[in-house]
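So for the sequence shown, the working numbering puts the first residue at 862; every next one is plus one. Every residue gets a Cβ at the ideal spot worked out from N, C-alpha and C, and that includes glycine. Fair warning: this is a prediction, and the values are worked out from it, not measured in the lab. Working notes, structure below.
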Amino acid sequence: MGDTLVGLRNILRREQTVRDGPRAVDPPEERARRLAEHERRIHNHPCPCGSGLRYAECCIDRINQEHLELRHRRQMGLRDEDL
């Protein structure tokens, strides 16, 4: 009986993952860990602007600032057209 319940729970969890996406069922700690890991990985990659510098030495501050401004606009309920 216990194995059947575990099996059903796993099936439901997989269905929810497929329906909602893999990040939807992750606990907040797992999402934070995954984001930090991603940021560490891309930190030393070449900058996407094509300068030849590492991302950390080139556009990281500009991109982070744009991200913070976008988050602030969304929290304030503003759209890009409102600026």
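Limits of the unbroken alpha helix (DSSP H) element including residue i
i	result
H933	I921 to Q936
Length of the line joining the Cα atoms of residue i and residue j
i	j	result
C908	R935	27 Å
A893	I903	16 Å
Of the residues the options, the one placed nearest residue i, counting alpha carbons only
i	options	result
A917	N905, N871, E927 and P889	N905
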